[in-house]
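Heads up: the structure comes next, in structure tokens.
Residue numbers (the numbering used here): 91 to 383.
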């Protein structure tokens, strides 16, 4: 039975109204986005819950439990590392604090020379014959103000080095630029890396998670996570039932240095040697989704 002209007209008007409504909604959303951008704000959809769970699983899979020691004293600037310093003669330490307890301790106990870099200060916080300071920021390109990790290592040691290196990096969010720019061969020159990751709530952004996940996958091909510690400076961000510290430290050990029989896929946190970064602020714990098998 053929539809009547009235029914065809009614259907066409309904489709037109639907198209017009979608157009109105699209313009309304566009107007909101323009206003948000004008205020310096950006909004995007949250990451897929399954993708978040998958990223957390990849972090757990990269973990390995090994004995640790604390270096650099209590509080901020102190870190947990494997007691595997023999043969390391150089540390690269971008981001200079008001103290250099970490660098001072590895110089005193292991004779390790530390190269420091930070354009926001004029000099290292103290004098030591094993300290060398450059007033530059670490970044994704080299110029008068910035230097890449690769150029920095080459400037100090040349293309070939006869020892493993140590990296201790706290550069307020620039770690992502540096690690993306640094190739795997360069990173493998480091036996151990202690990195403070900032703004980790970006994993909840639909476009942020894939980039962060790819960076961590690059690291985990050659390095195992042997410790994680939540910095209590900035609290925990939560989305879709998952919590992540906005700032946290990860200690990496190159996989060829893992002790035989090291338990992989799990850590035990918090560690007995952990200390709060900020003494007068309530401590926070690394949520179990990131470390418990």
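Every residue gets a Cβ at the ideal spot worked out from N, C-alpha and C, and that includes glycine.
Assigned secondary structure, residue i (DSSP; H/G/I helix, E/B strand, else coil)
i: residue 295; result: strand
i: residue 145; result: helix
i: residue 306; result: helix
i: residue 379; result: helix
i: residue 186; result: coil
i: residue 175; result: coil
i: residue 268; result: helix
i: residue 368; result: coil
i: residue 67; result: Lying outside 91 to 383, the shown extent of the chain, residue 67 is not represented and no answer is given.
i: residue 140; result: helix
i: residue 274; result: helix
i: residue 290; result: helix
i: residue 245; result: helix
i: residue 373; result: coil
Within 8 Å, strictly: CB atoms of residue i and residue j
i: residue 192; j: residue 255; result: no
i: residue 266; j: residue 228; result: no
i: residue 302; j: residue 142; result: no
i: residue 137; j: residue 287; result: no
i: residue 197; j: residue 215; result: no
i: residue 271; j: residue 235; result: no
i: residue 338; j: residue 259; result: no
i: residue 165; j: residue 367; result: yes
i: residue 261; j: residue 335; result: no
i: residue 179; j: residue 296; result: no
i: residue 276; j: residue 240; result: yes
i: residue 162; j: residue 212; result: no
i: residue 318; j: residue 380; result: yes
i: residue 309; j: residue 160; result: no
Residues sharing a beta bridge with residue i, DSSP
i: residue 343; result: 282 and 314
i: residue 328; result: 333
i: residue 135; result: Per DSSP, none; premise fails for residue 135.
i: residue 237; result: 228
i: residue 259; result: 285
i: residue 159; result: 171
i: residue 319; result: 339
i: residue 361; result: Per DSSP, none; premise fails for residue 361.
i: residue 350; result: Paired residue(s): none; residue 350 is not in a bridge.
i: residue 254; result: 178
Min CB distance residue i to chain B below 8 Å
i: residue 269; result: No chain B appears in this structure, which consists of one protein chain only.
Heavy atom of the ligand FMN within 7 Å of residue i beta-carbon
i: residue 298; result: As for the ligand FMN, it is missing from this structure, which has no ligand bound.
*asked:* List, from N- to C-terminal side, the alpha helix (DSSP H) runs of 4 residues or more that fit wholly inside the stretch 191–235.
replied: Runs of the alpha helix (DSSP H) inside the stretch 191–235: 191–200.
*Evaluate the contact criterion for the stretch 170–180 versus the stretch 365–379: three or more CB pairs, one atom per stretch, below 8 Å.*
Contact between the stretch 170–180 and the stretch 365–379 is absent, because fewer than three Cβ pairs lie under 8 Å.
*Three or more beta-carbon pairs under 8 Å between the stretch 309–318 and the stretch 149–168, yes or no?*
Output reads yes: the stretch 149–168 touches the stretch 309–318.
*Determine contact between the stretch 321–329 and the stretch 352–359, defined as no fewer than three beta-carbon pairs at a distance below 8 Å.*
A contact is defined here as three or more CB-CB pairs under 8 Å, and the stretch 321–329 fails this definition with respect to the stretch 352–359.
*Assess, as a yes-or-no matter, whether the stretch 278–292 is touched by the stretch 339–347 under the definition of 3 or more beta carbon pairs within less than 8 Å.*
Flag = yes, the stretch 339–347 and the stretch 278–292 touch.
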